[in-house]
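Reviewing the structure listed below.
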Amino acid sequence: MYCELHTRSAFSFLSSGSQPQRLAERAAELNIKTVALIDRDTVAGAVRFHFEAREQGITPIIGAELTMEDGSLLPLVPMTLAGYQNLSRLITTIKLRHRKGEHFATRKDIEEHSSSLLCFTGGADGFLHRGIKNGNGIADLAWLNYVFEKRLYVELQRHHLRHEEAINQSLIGLAHKLRLPYFASNGVYYADHHDRELFDVFTCIKKSHEHLRRRKIAQ
Numbered sequence: 047m048y049c050e051l052h053t054r055s056a057f058s059f060l061s062s063g064s065q066p067q068r069l070a071e072r073a074a075e076l077n078i079k080t081v082a083l084i085d086r087d088t089v090a091g092a093v094r095f096h097f098e099a100r101e102q103g104i105t106p107i108i109g110a111e112l113t114m115e116d117g118s119l120l121p122l123v124p125m126t127l128a129g130y131q132n133l134s135r136l137i138t139t140i141k142l143r144h145r146k147g148e149h150f151a152t153r154k155d156i157e158e159h160s161s162s163l164l165c166f167t168g169g170a171d172g173f174l175h176r177g178i179k180n181g182n183g184i185a186d187l188a189w190l191n192y193v194f195e196k197r198l199y200v201e202l203q204r205h206h207l208r209h210e211e212a213i214n215q216s217l218i219g220l221a222h223k224l225r226l227p228y229f230a231s232n233g234v235y236y237a238d239h240h241d242r243e244l245f246d247v248f249t250c251i252k253k254s255h256e257h258l259r260r261r262k263i264a265q
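Numbering-wise (our numbering), the sequence shown opens with residue 47 and increments by one.
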């Protein structure tokens, strides 16, 4: 049975068109029994998502994807209460250290707070994708594997984007080389086509495009 292990809610500023509750409702409509909410640099939507998911008979998973120094994202998911505390400390640390909107996590931050956290490699804006594009894929994956030994999962997404299939083949090849597990996700940004319109507007704002000229330029 398919589980969606990477969704974003409206708490990921300008990066989703759906409230956490609506994501849980839609998952129930699709008979998806487990859903992970992984918002950008925050767990602010966790409570709303958790209660609605439980109400809908869905197992909720809470995580966050942290902005790295190069602007890429690193999804982290707590395994235990200690892991959730580590994730919360990470988010607090990077937000206190930088001005609003300019925060990022360093490799040292990740290394110091990695205990009891699962790591996914993420989608097109993920840390490993950036590494592959820059020719550092094997080195970046080796570092993640060192930090998150036996807690690292290579994530594959397919949105029919340019060069996506080549990236996915590279990801699979790297996973085989380091004997790492991999999984498929949709990298969900919205619950249904109604929320897609709002997401398009947010994407235009983020990328400084005019609304009336917008195209489907979502990441």
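Glycine is no exception: its CB is placed at the ideal position from the N, C-alpha and C atoms.
DSSP state of residue i mapped onto helix, strand, coil
i: His149; result: coil
i: His175; result: helix
i: Ile137; result: helix
i: Val93; result: helix
i: Met47; result: coil
i: Ala56; result: coil
i: Gly109; result: strand
Short Cβ contact (7 Å threshold) for residue i with residue j
i: Phe173; j: Tyr199; result: no
i: Pro121; j: Ile78; result: no
i: Asn132; j: Leu163; result: yes
i: Thr126; j: Asp87; result: no
i: Ser55; j: Pro66; result: yes
i: Ser64; j: Tyr236; result: yes
i: Gly109; j: Ala90; result: no
i: Phe150; j: Glu111; result: no
i: Ala70; j: Gln102; result: yes
i: Ile218; j: Ile178; result: no
i: Thr105; j: Thr80; result: yes
i: Leu220; j: Gly183; result: yes
i: His159; j: Arg135; result: yes
i: Phe166; j: Glu201; result: yes
i: Val193; j: Glu157; result: yes
i: Asn191; j: Leu224; result: yes
Per-residue burial, residue i [other beta carbons within 10 Å of its own, 16 or more giving buried]
i: Glu211; result: exposed
i: Ser161; result: exposed
i: Glu148; result: exposed
i: Arg204; result: exposed
i: Gly168; result: buried
i: Arg176; result: buried
i: His52; result: buried
i: Leu142; result: exposed
i: Ala264; result: Because the pLDDT at Ala264 is just 47, under 50, the model does not fix this residue reliably, and the point stays unresolved.
i: Tyr48; result: exposed
For residue i, the first and last residue of its enclosing alpha helix (DSSP H)
i: Leu69; result: 66-75
Delimiting residues of the beta strand (DSSP E) encompassing residue i
i: Asp85; result: 80-86
Q) In chain order, which alpha helix (DSSP H) runs of at least 4 residues are fully inside the segment 155-241? A) 173-179, 183-193, 210-223
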